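Here UniProt numbering is used: the first residue of the sequence shown is 1, the next is one more, and so on.
We put the CB at the ideal spot given by N, CA and C, even for glycine.
Remember, it's a predicted structure, so these values are computed and weren't measured experimentally.
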Amino acid sequence: MAQSVSTHAQLIQASWARCREHGLQPQQAPDFDCLTGAELDALLERNQVLLRLTHDDVLPQYAHLLGNASHLVMLGDANGCLLGAWGTRRFVDPRQQHAFSPGARWREQGVGTNALGTALVCGEAIHVGQDEHYLSQNRYMASAAAPLFDAERRLVGVLDVASDGYLPAAQTLGLVRMLSQSLENRLILAGPGEQHWQLLFNTGADNLDSPWAGLLLFDERGEVRAANHRAGSLLGADPRHLNLAQLFQVPLRQILEHAEGRPFALLAHGRQRLHCQWQGPRRPPTRRAPNATDARVSKALAQAGVLLEKDIPLLVQGETGVGKEMFVNALHQASSRARQPLIAVNCAAIPAELVESELFGYEKGAFTGAHHKGNPGLIRKADGGVLFLDEIGDMPLATQARLLRVLQARSIQPLGSGEPVALDIRVVSASNRDLAAEVHAGRFRQDLYYRIAGLTLVLPALRERSDRRALIEEVHGRHREPGQPERLADDVLVLLERHPWPGNLRELVSVMQVALALAGDQPVGVEHLPDSFLAEAGCPVASATLEHTPNDLGKLLQRANGNLSSVARALGISRTTLYKRLREQGLVISSE
Ligand SMILES: Nc1ncnc2c1ncn2[C@@H]1O[C@H](COP(=O)(O)OP(=O)(O)OP(=O)(O)O)[C@@H](O)[C@H]1O
C-alpha cells in the first residue's frame with residue numbers, strides 16, 4: 001500500500017516548496033507554537049469524542065501490533081494541534097520533548113515538512129522519512145500520518161505513527177492507514193450509528209471484521225445515511241443518499257431475512273459479488289449520567305458541572321447506595337478534565353497506618369520498608385485531573401489536618417522530601433454521613449468541612465426519586481443477558497416501584513441480579529424475587545423462593561462461582577438454610 005515513488009517524491013517536493021514560501025530555513029529550530037493551558041483545555045473538550053474513540057476503542061484493538069516497538073501514536077486535530085500521544089518517547093530528541101505533549105502544533109508553517117502537518121495539507125496519507133524533513137533538527141525521526149474524516153467526509157483530525165526510522169516506510173504507512181480507517185469507522189458508528197442498521201461488506205466472507213470492510217449505515221427504509229470510504233471504492237460510487245434496494249437490486253426485506261451477524265452474498269449493481277453481514281441498531285451506551293430524569297438529580301449534575309470547572313470543591317451527600325460514586329464518574333466524564341485522571345480514594349478502606357503514605361506519597365528511603373522507588377501518593381496522581389475523596393467522613397482526624405494543609409496550599413510535600421510539589425486538582429468529596437452533624441459532634445474538622453464543601457449536593461434516596469420506574473427498567477436492561485426477555489412483568493414492576501429500598505440502587509442491582517438468574521430465559525416473575533425482598537415488601541406470596549428448583553439454585557451457585565455465602569445473602573436466607581435446601585434438592589457441594 002506504499003505510495004508510488006513518483007507521487008511520493010512529488011508530495012515531498014511540493015511540501016519543501018511550501019516551506020520555502022513560508023520563509024523557513026533548513027537550519028532553524030522548529031516552532032511548535034504550543035497552546036496555553038486554557039486553549040488546550042478548550043481544545044481537548046471539543047475533541048473529547050475523537051480522543052475517547054482513539055484511546056478506548058482503536059488503540060487497544062491494535063495493541064498486539066503496537067506493543068513492543070519504539071514508537072509513538074499521535075492524534076492531532078484538523079489544524080495539526082496535538083491532542084494525545086501514546087507509546088514510548090525514547091527516540092525523541094531531548095530538545096523536542098514538549099512537541100509530543102498535547103497542545104503542540106505540527107503545522108508545516110512552523111515545523112516544516114512533517115508527516116502530521118503535511119498529511120493535513122495533502123489530504124492523504126504520507127510517509128516522511130528522516131531526510132525528507134525540511135528542518136534538519138527533525139531528521140532524527142520518521143513518521144507516517146493519515147488524515148481523518150467523519151461521517152460527513154469532513155476533515156476532523158490526523159493520526160500519525162512516529163519512530164526513529166527503524167520501521168520500514170511501507171509498514172508504518174500501512175499501520176497508520178489501518179488505524180485511521182478503524183477510527184473513521186468508529187466515528188461513523190459513534191454518530192448516527194447508534195440508531196441505524198449497519199451493513200458490512202467485503203470481497204471475502206473472512207474479512208468482514210477488518211477495518212477495510214465497506215461500512216454502510218441505513219435507516220428503516222433502507223436509505224444509506226453514512227458510509228466509509230471503502231464502501232465507495234467497493235461499490236464504485238459514493239453510496240450515501242442511495243437506497244440499498246438500488247445498490248443491490250433486492251428489496252430491503254430480503255436482505256433482513258438473512259440472520260443478523262451472519263455472512264451472506266449479494267450482487268452489487270447486479271454484477272459484483274460481495275459478502276455482506278447486517279446488524280440491527282445498537283443499544284444506547286450505558287456510559288451516561290446517572291438517570292437525570294429526576295429533576296433533583298439533573299439539577300445537581302448541572303450545578304456540579306459548572307462549579308467543578310470553576311474550581312469550587314463539591315461535597316456529594318446521600319444515603320448509602322444512592323449512586324454517589326456513579327454521579328462523580330459521570331461528572332468527571334462530562335468535564336473538561338475527562339481525559340485527565342479521576343483518582344478515587346476510599347478514605348474508609350485505607351488502613352489508618354497507611355493512609356498518610358498512600359495519600360501524600362513518600363520519597364525513596366523516607367522510612368524503613370518504604371518502596372525503593374518512592375511513591376507519588378494518590379493525591380499527586382490526580383494532578384491535572386479530579387481527586388475524589390469517597391467516604392471522607394471516615395478519615396482519621398490527624399489525616400484531616402494534613403489534607404487541609406494540602407488543599408489550602410495547593411501543593412504537597414511527600415514524606416522524606418523538603419520540596420513541596422505544586423498541584424492542579426479539582427476536589428470532589430462524598431459521604432453518606434451528615435458531615436455538618438459530624439462537625440458538630442467533633443468528629444470532623446470544621447475548617448476542612450468548609451474547605452471541601454464549597455457546594456453540598458444531596459442525592460435523593462431511590463424511594464424519593466420520580467424516575468424510579470425508568471431506573472428499575474434500566475437496571476433490568478443493563479443486567480439481563482441478551483437472550484432474556486426485554487420487558488418486566490407489570491406486577492413485578494409495581495412491587496419494585498413501591499419498595500422502600502433502604503439500600504437504594506445497590507439493593508436494586510442485587511435484587512435484579514438474583515431475579516434474572518432465577519428467571520433464566522423466562523420473564524422475571526414475583527416468584528423470582530428474593531425472600532428477603534418479598535418479606536420487606538409485605539408480599540402475601542410468602543417465601544416463594546422456598547420452591548426454587550435444583551436448576552434455579554444450581555444456576556445461582558454457578559453465577560456466584562460456588563460461593564455459598566454470597567448465594568445465601570442474595571436469597572436473604574442463612575448459609576445453613578441454603579445448605580439444607582441444596583442437600584434436600586440433591587445438589588452436592590464439596591467445598592466453597
Ligand atoms: N443511575 C444508575 N443506574 C443503574 N445503576 C446505578 C446507577 N447509579 C448507581 N448504580 C449502581 O448502584 C450501586 C451503588 O452505586 P454507588 O457505589 O455509586 O453508590 P454510593 O452512593 O457511592 O454508595 P456508598 O455510599 O455505599 O459508597 C452500584 O452497583 C452502581 O452500579
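**OP:** Enumerate in chain order the residues of its own chain whose CB-to-CB distance from Leu529 is below 6 Å, with the five nearest sequence positions on each side excluded.
**Re:** Position 529 of the sequence shown, counted from the start, is the residue given in the question as residue 529. Within the same chain, and ignoring the five residues on either side of Leu529 in sequence, the residues whose Cβ sits closer than 6 Å to its Cβ are Ala515.
Subject >> Rounded C-alpha distance that separates Phe149 from Leu397 >> reply: Locating residue 149 in the sequence shown gives position 149, counting from the first residue. Locating residue 397 in the sequence shown gives position 397, counting from the first residue. Answer to the nearest angstrom: the Cα atoms are 55 Å apart.
Original post:
Helix, strand or coil for Gly361 per DSSP?
Top reply: Indexing the sequence shown from 1 puts residue 361 at position 361. Gly361 carries a coil assignment under DSSP once its states are collapsed to helix, strand and coil.
Original post:
So does Leu266 have its beta carbon nearer than 6 Å to some heavy atom of ligand 1?
Top reply: Within the sequence shown, the letter at position 266 stands for residue 266. False, no ligand heavy atom lies under 6 Å from that Cβ.
**OP:** Could you pull out every residue in the same chain whose Cβ sits closer than 7 Å to the Cβ of Glu132, ignoring the five residues on either side in sequence?
**Re:** The residue labelled residue 132 in the question sits at position 132 within the sequence shown. Here Glu132 has Ile12, Thr113 as same chain residues with Cβ atoms under 7 Å from its own Cβ, once five neighbours each way along the sequence are excluded.
Original post:
Taking the C-alpha atoms as reference points, what is the distance between Leu120 and Trp212?
Top reply: Counted from its first residue, the sequence shown places residue 120 at position 120. Counted from its first residue, the sequence shown places residue 212 at position 212. Approximately 21 Å, taken between the alpha carbons.
Original post:
Which of the three DSSP states, helix, strand or coil, is assigned to Trp501?
Top reply: Against the sequence shown, residue 501 aligns to sequence position 501. The answer is coil: DSSP assigns Trp501 none of H, G, I, E or B.
Original post:
For His127, which residues does DSSP report across the bridge?
Top reply: The residue given as residue 127 occupies position 127 in the sequence shown. Within the DSSP bridge table, the entry for His127 names Ala144 as partners.
**OP:** Pick out the complete beta strand (DSSP E) segments inside the region 291 to 353, 3 residues or longer, and give them in chain order.
**Re:** Fully contained in the region 291 to 353 are the following beta strand (DSSP E) runs of length 3 or more, in chain order: 314 to 317, 342 to 346.
Original post:
How is the alpha helix (DSSP H) around Thr576 delimited, first residue to last?
Top reply: Along the sequence shown, read from residue 1 onward, the residue named residue 576 stands at position 576. Counting along the chain, the alpha helix (DSSP H) containing Thr576 begins and ends at 575 to 584.
Original post:
Span of the beta strand (DSSP E) holding Phe264?
Top reply: The residue labelled residue 264 in the question sits at position 264 within the sequence shown. DSSP places Phe264 inside the beta strand (DSSP E), whose first and last residues are 264 to 268.
**OP:** Would you check if the region 425 to 442 and the region 475 to 491 touch, i.e. whether three or more CB-CB distances between them fall below 8 Å?
**Re:** Segments in contact, no.
Original post:
In terms of alpha-carbon separation, which member of Leu534, Ile343, Ser101 lies closest to Asp33?
Top reply: Within the sequence shown, numbered from 1, the residue matching residue 33 stands at position 33. The residue with the shortest Cα to Cα distance from Asp33 is Ser101.
**OP:** Report yes if the CB atom of Leu252 is closer than 7 Å to the CB atom of Leu244, and no otherwise.
**Re:** As a first step, residue 252 is located in the sequence shown; it is residue number 252 there, counting from the start. As a first step, residue 244 is located in the sequence shown; it is residue number 244 there, counting from the start. In contact: Leu252 and Leu244 (Cβ atoms closer than 7 Å).
Subject >> Thr399 versus Gln513 - alpha carbon distance >> reply: Translated into the one-based positions of the sequence shown, residue 399 becomes position 399. Translated into the one-based positions of the sequence shown, residue 513 becomes position 513. Spanning the two alpha carbons is a distance of roughly 38 Å.
**OP:** Using 10 angstroms around the beta-carbon of Gly222, count the other beta-carbons present and answer buried if the total reaches 16, otherwise exposed.
**Re:** What you label residue 222 is simply residue 222 of the sequence shown in a count that begins at 1. Counting Cβ neighbours within 10 Å, Gly222 comes out buried, since at least 16 surround it.
Original post:
Would you call the region 55 to 63 and the region 176 to 193 in contact, with 3 or more CB pairs under 8 Å?
Top reply: Yes, they touch.
**OP:** Return helix, strand or coil for Gln97, following the three-state DSSP convention.
**Re:** Walking along the sequence shown from the start, residue 97 turns up at place 97. Looking at Gln97 - three-state DSSP - the assignment turns out to be helix.
**OP:** Output yes if chain C places a C-beta closer than 7 Å to the C-beta of Leu179; else output no.
**Re:** The chain inventory of the structure shown lacks chain C, comprising one protein chain alone.
**OP:** Within the same chain, show all residues whose beta-carbon is closer than 7 Å to that of Gly369, passing over the 5 residues directly before and after it, in chain order.
**Re:** Against the sequence shown, residue 369 aligns to sequence position 369. Any reading at Gly369 needs caution, since the residue's pLDDT is 47, under 50, leaving its predicted position unreliable; the model's value is listed next. Non-local beta-carbon contacts of Gly369 in its own chain, meaning distances under 7 Å to residues more than five positions away in sequence, are absent.
Original post:
Any heavy atom of ligand 1 within a distance shorter than 6 Å of the CB on Leu505?
Top reply: Taking the first residue of the sequence shown as position 1, residue 505 is located at position 505. Checking every heavy atom of ligand 1 against the Cβ of Leu505, one is found closer than 6 Å.
Subject >> Straight-line Cα distance separating Glu481 from Leu564 >> reply: In the sequence shown, counting from the first residue as 1, residue 564 sits at position 564. In the sequence shown, counting from the first residue as 1, residue 481 sits at position 481. Looking at the two C-alpha atoms, the distance is approximately 23 Å.
Original post:
So, are the CB atoms of residue 671 and Thr320 less than 7 Å apart?
Top reply: The first residue shown for the chain is 1 and the last is 592, placing residue 671 beyond what the model contains.
Subject >> Length at least 3, wholly inside the region 176 to 233: the beta strand (DSSP E) runs in chain order >> reply: DSSP assignment within the region 176 to 233 yields the following whole beta strand (DSSP E) runs of 3 residues or more, N-terminal first: 197 to 202, 214 to 218, 224 to 227.
**OP:** Assess, as a yes-or-no matter, whether the region 75 to 83 is touched by the region 152 to 163 under the definition of 3 or more beta carbon pairs within less than 8 Å.
**Re:** Verdict: yes, contact present.
Original post:
Which two residues bound the contiguous alpha helix (DSSP H) that contains Ser532?
Top reply: As a first step, residue 532 must be located in the sequence shown, where it is residue number 532. It spans 531 to 536 - the alpha helix (DSSP H) in which Ser532 sits, taken as one unbroken run.
Original post:
So His241 is in the beta strand (DSSP E); what residue range does that whole segment cover?
Top reply: Within the sequence shown, numbered from 1, the residue matching residue 241 stands at position 241. Per DSSP, His241 belongs to no beta strand (DSSP E) and is neither H nor E.
Subject >> Buried or exposed (CB count within 10 angstroms, at least 16 for buried), Asp424 >> reply: The residue you call residue 424 lines up with position 424 of the sequence shown. With fewer than 16 Cβ atoms within 10 Å of its Cβ, Asp424 is classed as exposed.
**OP:** Report the rounded CA-to-CA distance for Asn504 versus Val322, giving the unit in angstroms.
**Re:** Residue mapping note: residue 504 aligns to position 504 of the sequence shown, counting from 1. Residue mapping note: residue 322 aligns to position 322 of the sequence shown, counting from 1. Asn504 and Val322 have their C-alpha atoms spaced approximately 5 Å apart.
Original post:
Closer than 6 Å: is that where the CB of Val475 sits relative to any heavy atom of ligand 1?
Top reply: Taking the sequence shown and counting its residues from 1, one reaches residue 475 at position 475. Result yes, Cβ under 6 Å from ligand 1.
**OP:** Would you list the one or two residues that DSSP bridges to Arg277?
**Re:** For the purposes of this step, residue 277 is identified with residue 277 of the sequence shown, where counting begins at 1. The residue asked about is misnamed: residue 277 is Gln in this sequence, not Arg. As a beta-bridge residue in DSSP terms, Gln277 pairs with Leu200.
Subject >> Enclosing beta strand (DSSP E) for Asp390 [first to last residue] >> reply: Working through the sequence shown from its first residue, we reach residue 390 at position 390. 386 to 390 is the span of the beta strand (DSSP E), which, as asked, contains Asp390.
Original post:
Using the beta-carbon count (16 or more within 10 Å), is Arg20 buried or exposed?
Top reply: Here residue 20 refers to the residue found at position 20 when the sequence shown is read from its first residue. Result: exposed.
**OP:** Using a threshold of 7 Å, state whether the C-beta atoms of Ala151 and Thr172 are closer than that.
**Re:** By one-based count along the sequence shown, residue 151 stands at place 151. By one-based count along the sequence shown, residue 172 stands at place 172. Contact flag unset, no.
Original post:
Helix or strand or just coil, what does DSSP make of Ala17?
Top reply: Looking up residue 17 in the sequence shown gives position 17. In the structure shown, Ala17 adopts helical secondary structure according to DSSP, grouped into three states.
Original post:
Can Asn432 be considered in contact with ligand 1, in the sense that its beta carbon sits closer than 6 Å to one or more heavy atoms?
Top reply: Within the sequence shown, the letter at position 432 stands for residue 432. At least one heavy atom of ligand 1 is nearer than 6 Å to the Cβ of Asn432, so yes.
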